[in-house]
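Please read the structure below before turning to the comments.
This is the structure we're talking about:
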């Protein structure tokens, strides 16, 4: 496994974590109504989208030809 492929796996795990935590905080917001949970949820959803973009364009960003 090349280093780039290992990096892809780590990014995919981070995407799953951030998306899952965003959902968790959104559920907390719906149950408790705390604005902090909504803000944290929104932040983690934005990070999830950013990581997904990074994963999709990883070769171009790193300048790697495989």
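Numbering (this note's numbering), first residue to last: 2 to 67.
No residue lacks a Cβ here, since even glycine has one placed at the ideal position from N, Cα and C.
- If you draw a 10 Å sphere on the C-beta of residue 7, you find fewer than 16 other C-beta atoms in it, and that means exposed.
- For the alpha helix (DSSP H) assignment, the segment 6-38 encloses no uninterrupted run of at least 4 residues.
- A distance of 7 Å or more separates the beta carbons of residue 64 and residue 42.
- Residue 39 and residue 48 have their C-alpha atoms spaced approximately 14 Å apart.
- Scanning its chain for C-beta atoms nearer than 7 Å, with the 5 sequence neighbours on each side dropped, one finds around residue 26 the residues 38, 41, 42, 45, in chain order.
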